[in-house]
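Trainee: One structure, pasted below without further comment.
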DNA sequence: CCACCTTACTTGACAATGTCATCTGAAATG
DNA sequence: CATTTCAGATGACATTGTCAAGTAAGGTGG
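Protein chains in written order, with the UniProt record's numbering: chain A, 1 to 196; chain X, 1 to 196.
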């Protein structure tokens, strides 16, 4: 392997290791020593690829934002499903991160990841979501609806994550949310379903 | 001062010191040594009052939740203002914490504070909010509306905090949120105002 | 093929921090 | 006043982020 290749491989291994450790044991489990060990290198190696630990964590957040942006773009391009379902899919994608990788979700919205790079990546996601909303309510109203929808989806995810939506009565569905905000109707009859 | 009095005073001083350090310098500034120093005691003193650092931080979160619960209860009891305004006030109180004490807000919803005690305190807030909602939409519909309203308010606060609602077009107001969700109408005409 | 340079990575070291065992002095008790 | 109790102080230790110095393998010129 050429030198540049080994370096790139190591960098990927470091990111992968950090991501796995975050998912498995939360933020406290992500020590540079543990990351290095899992990546097959030693504790100081990350400094050859990232300015410091925060930059490594920020990279995890940026990757997550980029994945979300890609998924939103994919959804929008999929003309086989109705616009409404595409929008709901985008919101659910955000919530899915909170469910599948709660620590990563927390990282995406936490201070260490609030560097300009991460905010920029998040803004790209916002743009994609805005487009999804525009497909439903039109360009003119998209910003107002979009902000409410994104905030609400993020809120549902975060509250659920913090254990504040556990009680049966507090379950909330994204479909309900979209229905109420976009169609301007009261919540549908019957049981409120679990989001998803 | 009797021994119990000095102990209680020290405990209060520790909580106050931790709170101030959190507000001033974020989570990293809250070291037990700094807390002790500001409280006029030494680094090991907190262990006489809290099981460990996390328990001290949890106490900060619990206090914040309790303040919110009190404010919601006060609002609900204030019959001089219309029910709608009371509900908006409750939601705004949550957002106000995010604006005035962003680090505290993050702590309230972060893992270290997700202990049973903190969740219980948060549940009391939820109950108060639920009552505020019930005063507007009735007992039957309160849970569904309440979950959406609380999640949305939390989402607005969190997104704003993370710098994801900075763009002019993304500003969102609580009044708009309540209006859309409760009255089932499209967002009002004209500029979307800043929440608050 | 060899001497030299470049660089990804390792290792030793250090300061900061959370935590605990031990100690101390003053309050409480009889 | 003697003794007990307990809030708080202090020394010590492991862990961690960080960096300077060292090392060895990849790359380059002759």
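C-beta atoms are modelled at their ideal positions from N, C-alpha and C, and glycine is treated no differently.
Cα separation between residue 161 of chain A and residue 109 of chain X?
Mentor: Locating residue 161 of chain A in the first chain gives position 161, counting from the first residue. Locating residue 109 of chain X in the second chain gives position 109, counting from the first residue. Cα-Cα distance, rounded: 9 Å.
Trainee: If you measure from the beta carbon of residue 109 of chain A to each beta carbon in chain X, is any gap under 8 Å?
Mentor: Mapped onto the first chain, residue 109 of chain A falls at position 109. Interface residue, yes.
Trainee: With a Cβ-Cβ cutoff of 8 Å, do residue 69 of chain X and residue 39 of chain X count as a contact?
Mentor: Along the second chain, one-based indexing puts residue 69 of chain X at 69. Along the second chain, one-based indexing puts residue 39 of chain X at 39. No.
Trainee: Can you list, in chain order, the stretches of the alpha helix (DSSP H) that have 4 or more residues and sit fully within the segment 114 to 147 of chain A?
Mentor: Whole alpha helix (DSSP H) segments, 4+ residues: 116 to 137.
Trainee: Examine chain A for any beta-carbon lying closer than 8 Å to the beta-carbon of residue 196 of chain X, and answer yes or no.
Mentor: Sequence index remark: in the second chain, residue 196 of chain X carries index 196 (1-based). Only weak support exists for where residue 196 of chain X lies, its pLDDT of 44 falling under 50; the value from the coordinates is given anyway. By this cut-off, residue 196 of chain X is not an interface position.
Trainee: Put residue 59 of chain X into one of helix, strand or coil per three-state DSSP.
Mentor: Stepping through the second chain from its first residue, residue 59 of chain X is reached at position 59. In this structure, residue 59 of chain X counts as helix in the three-state DSSP scheme.
Trainee: Quick one: list the residues of chain X neighbouring residue 91 of chain A, beta-carbon separation under 9 Å, in chain order.
Mentor: For the purposes of this step, residue 91 of chain A is taken as the residue at position 91 of the first chain. The contacting residues do not exist; residue 91 of chain A stays about 11 Å from chain X at best.
Trainee: What number of angstroms, rounded off, separates the C-alpha of residue 29 of chain X from the C-alpha of residue 22 of chain X?
Mentor: Counted from its first residue, the second chain places residue 29 of chain X at position 29. Counted from its first residue, the second chain places residue 22 of chain X at position 22. Going from the Cα of residue 29 of chain X to the Cα of residue 22 of chain X covers about 6 Å.
Trainee: Three-state secondary structure (DSSP) at residue 101 of chain A?
Mentor: To locate residue 101 of chain A, count along the first chain from 1; it is residue 101. In this structure, residue 101 of chain A counts as coil in the three-state DSSP scheme.
Trainee: Give a yes or no on whether the C-beta atoms belonging to residue 165 of chain A and residue 172 of chain A are separated by under 8 Å.
Mentor: In the first chain, the residue the question calls residue 165 of chain A occupies position 165. In the first chain, the residue the question calls residue 172 of chain A occupies position 172. Cβ distance < 8 Å, so residue 165 of chain A and residue 172 of chain A count as in contact.
Trainee: Excluding the 5 residues flanking residue 53 of chain X on each side, which residues of the same chain have their C-beta closer than 7 Å to its C-beta?
Mentor: Here the question's residue 53 of chain X lines up with position 53 in the second chain. Excluding residues within five positions, the ones whose Cβ falls inside 7 Å are 32.
Trainee: What in chain A is Cβ-close to residue 95 of chain X, meaning under 8 Å?
Mentor: The residue labelled residue 95 of chain X in the question sits at position 95 within the second chain. Correct list: empty, because the minimum Cβ distance to chain A is about 11 Å.
Trainee: Considering just the uninterrupted stretch of the alpha helix (DSSP H) at residue 49 of chain A, what are its terminal residues?
Mentor: Along the first chain, read from residue 1 onward, the residue named residue 49 of chain A stands at position 49. From DSSP, residue 49 of chain A is part of no alpha helix (DSSP H); its letter is neither H nor E.
Trainee: Counting only Cβ pairs nearer than 8 Å, list the residues of chain X close to residue 172 of chain A.
Mentor: Here residue 172 of chain A refers to the residue found at position 172 when the first chain is read from its first residue. Near residue 172 of chain A (Cβ distances below 8 Å), the residues of chain X are 144, 147, 148 and 151.
Trainee: CA-CA distance, residue 10 of chain A and residue 59 of chain A?
Mentor: What you label residue 10 of chain A is simply residue 10 of the first chain in a count that begins at 1. What you label residue 59 of chain A is simply residue 59 of the first chain in a count that begins at 1. Whole-angstrom Cα-Cα distance: 15 Å.
Trainee: Within the continuous alpha helix (DSSP H) that includes residue 175 of chain X, where are the two ends?
Mentor: As a working note, residue 175 of chain X is residue 175 in the second chain. 174 to 183 is the span of the alpha helix (DSSP H), which, as asked, contains residue 175 of chain X.
Trainee: Rank X:45, X:19 and X:96 by C-alpha distance to the C-alpha of residue 6 of chain X and give the top, closest one.
Mentor: Position 6 of the second chain, counting from 1, holds the residue named residue 6 of chain X. For the residues X:45, X:19 and X:96, the minimum Cα distance to residue 6 of chain X belongs to X:45.
Trainee: Flag residue 37 of chain X as yes when its Cβ comes closer than 7 Å to any non-hydrogen atom of the ligand NAD, and as no otherwise.
Mentor: As presented, the structure is devoid of all ligands, the ligand NAD included, so that no description of it is given.
Trainee: I want to know whether the segment 76 to 83 of chain A touches the segment 128 to 145 of chain A - three or more CB-CB distances under 8 Å.
Mentor: Taking 8 Å as the limit for Cβ pairs, the verdict is that the segment 128 to 145 of chain A does touch the segment 76 to 83 of chain A.
Trainee: Measure from the C-beta of residue 164 of chain A to each C-beta in chain X and report whether the shortest distance is under 8 Å.
Mentor: Looking up residue 164 of chain A in the first chain gives position 164. Judged by the 8 Å Cβ criterion, residue 164 of chain A is in contact with chain X.
Trainee: Ignore the nearest five residues each way along the sequence and tell me which others in residue 156 of chain A's own chain have a CB closer than 8 Å to its CB.
Mentor: On the first chain, position 156 is the one that residue 156 of chain A refers to. Closer than 8 Å at Cβ, skipping near neighbours: 95, 165, 172, 174, 177 and 195.
Trainee: From residue 4 of chain A to residue 48 of chain A, what does the alpha carbon distance come to, in whole angstroms?
Mentor: Indexing the first chain from 1 puts residue 4 of chain A at position 4. Indexing the first chain from 1 puts residue 48 of chain A at position 48. Each residue's Cα considered, the two are about 13 Å apart.
Trainee: Give the straight-line distance between the Cα atoms of residue 159 of chain A and residue 43 of chain X, rounded to the nearest whole angstrom.
Mentor: As a working mapping, residue 159 of chain A is identified with position 159 in the first chain. As a working mapping, residue 43 of chain X is identified with position 43 in the second chain. Taking the straight line joining both Cα atoms gives about 35 Å.
Trainee: Around the C-beta of residue 143 of chain A, are 16 or more other C-beta atoms found within 10 angstroms, so that it is buried, or is it exposed?
Mentor: By one-based count along the first chain, residue 143 of chain A stands at place 143. Classification for residue 143 of chain A: buried.
Trainee: Reducing DSSP to helix, strand and coil, say where residue 35 of chain A ends up.
Mentor: In the first chain, residue 35 of chain A corresponds to position 35, counting from 1. The answer is helix: DSSP assigns residue 35 of chain A an H, G or I state.
Trainee: If the cut-off is 7 Å on Cβ atoms, which residues from the UniProt domain "HTH tetR-type" (8 to 68) of chain A count as contacting chain X, listed in chain order?
Mentor: If the cut-off is 7 Å between Cβ atoms, the UniProt domain "HTH tetR-type" (8 to 68) of chain A has 26 near chain X.
Trainee: Shorter than 8 Å from the beta carbon of residue 104 of chain A to some beta carbon of chain X?
Mentor: Working through the first chain from its first residue, we reach residue 104 of chain A at position 104. So no, residue 104 of chain A is outside the interface.
Trainee: Which whole-angstrom value describes the C-beta separation of residue 103 of chain X and residue 36 of chain X, a residue pair presumed to lie in contact below a C-beta threshold of 8 Å?
Mentor: Residue numbering aside, residue 103 of chain X sits at position 103 when the second chain is read from its first letter. Residue numbering aside, residue 36 of chain X sits at position 36 when the second chain is read from its first letter. Going by Cβ atoms, the distance from residue 103 of chain X to residue 36 of chain X rounds to 19 Å, so no, they are not a contact pair.
Trainee: Would you say residue 138 of chain X faces chain A, with C-beta separation under 8 Å as the test?
Mentor: As a working mapping, residue 138 of chain X is identified with position 138 in the second chain. Output row for residue 138 of chain X: interface = no.
Trainee: With 8 Å set as the bound, which would you pick, yes or no: does the beta-carbon of residue 81 of chain A sit closer than that to a beta-carbon of chain X?
Mentor: For the purposes of this step, residue 81 of chain A is identified with residue 81 of the first chain, where counting begins at 1. No, because no Cβ of chain X sits closer than 8 Å to the Cβ of residue 81 of chain A.
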